[in-house]
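Novice: Under this note's numbering, the first residue of the sequence shown carries the number 14, and numbering increases by one thereafter.
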Amino acid sequence: MAAKVFESIGKFGLVLAVAGGVVNSALYNVDAGHRAAIFDQFHGVQDIVVGGGTHFLIPWVQKPIIFAVLDHVMRQSSLIILNITRRILFRPIASQLPHIFTSIGEDYDERSVVARFDAGELITQRELVSRQVSNDLTERAATFGFILDYVSLTHLTFRKEFTEAVEAKKVAQQEAERARSVVEKAEQRKKVAIISAEGDSKAAELITNSLATAGDSLIELCKLEVVEDIALPNITYLPAGQSVPLQLPH
Numbered sequence: 014m015a016a017k018v019f020e021s022i023g024k025f026g027l028v029l030a031v032a033g034g035v036v037n038s039a040l041y042n043v044d045a046g047h048r049a050a051i052f053d054q055f056h057g058v059q060d061i062v063v064g065g066g067t068h069f070l071i072p073w074v075q076k077p078i079i080f081a082v083l084d085h086v087m088r089q090s091s092l093i094i095l096n097i098t099r100r101i102l103f104r105p106i107a108s109q110l111p112h113i114f115t116s117i118g119e120d121y122d123e124r125s126v127v128a129r130f131d132a133g134e135l136i137t138q139r140e141l142v143s144r145q146v147s148n149d150l151t152e153r154a155a156t157f158g159f160i161l162d163y164v165s166l167t168h169l170t171f172r173k174e175f176t177e178a179v180e181a182k183k184v185a186q187q188e189a190e191r192a193r194s195v196v197e198k199a200e201q202r203k204k205v206a207i208i209s210a211e212g213d214s215k216a217a218e219l220i221t222n223s224l225a226t227a228g229d230s231l232i233e234l235c236k237l238e239v240v241e242d243i244a245l246p247n248i249t250y251l252p253a254g255q256s257v258p259l260q261l262p263h
């Protein structure tokens, strides 16, 4: 009698354990900030999105694929001459989770679409490029079922080779400017010398013409002017009845 009771209890416990396992396998939880897409072994990914809470599924036939739909932070650098660090806040569109799983996979957050710009544009038009990057990525991400809440270029750094090339270019430009300045100064000095020589030649020509016109009279006049300049400081005036001489003004 006791053996039959224990046997019945054992069978009941086994049935209860199996039933508990089946029920447990049929339940799954979707946490807040998450959504689930259902993968069916016979029909593939179902075109439904399951919200937060506890839900049922068919054990061993269906499988929940859980996605986080909160903002993610992604930092990425493009390996071009100018290294670009971007900061992107993104989240999947809940209604697009089946499509995301089908086309991209569960590890969608490790993949991205990057718009590429050359280094010159990034340096000279950073704000414009940042806005274009945001627009392009937002439009592109929407086709994959993602919403980009924020996109910015947070840091721009040159690779060593490019930095050295830029510095070498700057040095070459400075040397070229210095050489150009030296050439310009030499040209100015040359022009001054030419103008001075032309002035001396013109003065000599005028003197020669004057001598030819006035003859020796011009030379005599110049001599008188020189004698006057020498003698003028030595002329004094002594009025009558005064013993102290007066110096005449020049």
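For every residue, glycine included, the Cβ atom is placed at its ideal position computed from N, Cα and C.
Computed from a predicted structure; not experimentally measured.
1) Expressed to the nearest angstrom, what Euclidean distance is found between the alpha-carbon atoms of Leu150 and Leu141?
2) Tell me the residue span of the beta strand (DSSP E) that contains Asp53.
3) Where Ile106 and Gly158 are concerned, what is the direct C-alpha to C-alpha distance, given to the nearest angstrom?
4) Report all residues from its chain with a CB closer than 6 Å to the CB of Leu219; omit the five preceding and five following residues, and keep chain order.
5) Straight-line CA distance for Lys215 to Ala181?
6) Ends of the beta strand (DSSP E) at Val63?
7) For Pro105, which beta-bridge partners are listed by DSSP?
8) Can you grab the Cα-Cα spacing for the pair Val184 / Lys173, in whole Å?
9) Relative to the C-alpha of Gln59, which candidate in Asp44, Lys76, Ser165 has its C-alpha closest?
10) Have a look at Gly212 and Ala206 and give me their C-alpha separation to the nearest angstrom.
11) In this structure, how does DSSP classify Val164 when only helix, strand and coil are distinguished?
12) Between which two residues does the beta strand (DSSP E) harbouring Ile79 extend?
13) What residue range is occupied by the uninterrupted beta strand (DSSP E) comprising Leu70?
14) Considering Cα atoms alone, identify which of Gly66, Val164, Val146 is closest to Ala49.
15) Using only CA atoms, which one of Glu197, Leu237, Trp73 lies nearest to Leu40?
16) Find the nearest neighbour of Asn37 within the set Arg144, Phe69, Ile61, judged by alpha-carbon distance.
17) Exposed or buried, which one is Gln201 when buried takes at least 16 other CB atoms within 10 Å?
Specialist: Working from what's here:
1) 14 Å
2) 47 to 53
3) 5 Å
4) none
5) 51 Å
6) 57 to 63
7) Phe159
8) 16 Å
9) Lys76
10) 10 Å
11) strand
12) 75 to 81
13) Careful: Leu70 lies outside any beta strand (DSSP E) and carries neither H nor E.
14) Gly66
15) Trp73
16) Phe69
17) exposed
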